[in-house]
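The structure appears below as structure tokens.
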Amino acid sequence: MGPSTIQLRRKEQNGHFDSGKSATAGHMMLEFGAVDEDTMDDLEDEASNAGWESSKYAWIFNKLDNEIVDETKIILNRLGYNSDKVPFVPISGLDGDNISEARDSADSSWYHGWSRYVNGITEYPRKTLLETIDDMHLPGQKPTGSFRLPIQNVCHTPNVGTVVTGTVVAGTCWPGMYVTLAPNNIPVQSMQQHHESLDECSTGAIVGLCFGYTDSDGDDLDIRRGEVVSDSDNPASNCSSFTAQIIVTSHPDNIKSRYTPGVHCGTGRAPCRFEILDTMEARAGRRIGRKEAKNVQAAMIRMTPFCVEGLSDYSALGRVVVRDLGRTVAVGSVKSVEKC
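In UniProt numbering, the protein residues as written are 1 to 340.
Set out below in structure tokens:
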């Protein structure tokens, strides 16, 4: 954290709104067209009447909280999340509103608590950030699917052999089970968790799998971070191509076919060439039909090559992050996969 960041955070706590995040977000909403000039004039008058004329941009952000929630839900749904299960809690770090104690505020009159659906009835069981965190459930596991473990690290240990570590994202594994590390089918000799031997591991477990010296010459296996350990009966493999729906978030130019950024999925990353199939508005979903995409637009992209799975089959291997120019330029989800 640099000095400028520390200064900004101090101003957010001790200074007025013009120095904080609400003012910045409000100004961005105006410049990027989320708020028109007529609406801005009305909000500026409201801020002036309330004695906050110098904080007119923060007033935009505070008055449009509900709209921000609605638009965020649209983006989450397009990325494959169920926005009805995502809590939105307005809080005040300065006044402590809704952190551990629910408080009514004129700035959040739209907020009635975190809603959830039970037997077709909408309930509002939680209002504070602390209650929301306590009410969270672990994401759904997939213990019955085929085994998948994206490799986080690879160790070559003397007298032990090759050991890979990672988080099991689907299925079950046990010592003696044959797994695929393309193009090899090899047995798992043993597995450990926190230096204790396991007889079995399943979805959600962070484990180390030992393969020993399985090379024909007695050498360590050539295994790399980002590869996926999978059940030999239903192996994961590099695909010839896959189709993903992405939303462009921060790119200085239009993205066109033959664009080749770095794509991250699971623990792996590789350069992938884009073929743009279609473009659409990220908010409304209306088709644009151009063969290039710019910021805040969505696109259907065919990419090659990589080891991915469809979002509906293995969610941990079905989300992609596109990076270029030292930053994230797009995010998306895998819709279909063409295996090699």
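For glycine and all other residues, C-beta sits at the position ideal for the given N, C-alpha and C.
In the three-state reduction of the DSSP assignment, T157 falls in the strand class, which pools E and B. Nearest C-alpha to I186 among N119, Y111, G171 and S232: S232. In this structure, the beta-carbon distance from I99 to T132 does not fall below 8 angstroms.
Taking C210 as reference, the option from I247, I223, V163 and G204 with the minimal CA-CA separation is V163. In the three-state DSSP reduction, D70 falls in the helix class (H, G or I).
Apart from the 5 residues on each side of it in sequence, M177 sits with its Cβ closer than 6 angstroms to the Cβ of V188 in its chain, given in chain order. Taking C-beta atoms under 8 angstroms as the contact rule, V263 and V322 qualify, at a distance of about 6 angstroms. By the 16-neighbour rule on beta-carbons within 10 angstroms, I121 is exposed. Here T167 is not near F147, since their CB atoms are 8 angstroms or more apart. For I247 against V331, the beta-carbon gap comes to about 6 angstroms, under 8 angstroms, which counts as contact. According to the DSSP assignment, S108 belongs to no beta strand (DSSP E), since it is labelled neither H nor E. Per DSSP, E101 is not a residue of any beta strand (DSSP E), being assigned neither H nor E. Take R319, set aside five residues on each side of it, and the residues of its chain with a beta-carbon closer than 8 angstroms to its own are L79, G80, C265, L311, V331, G332, S333 and V334, in chain order.
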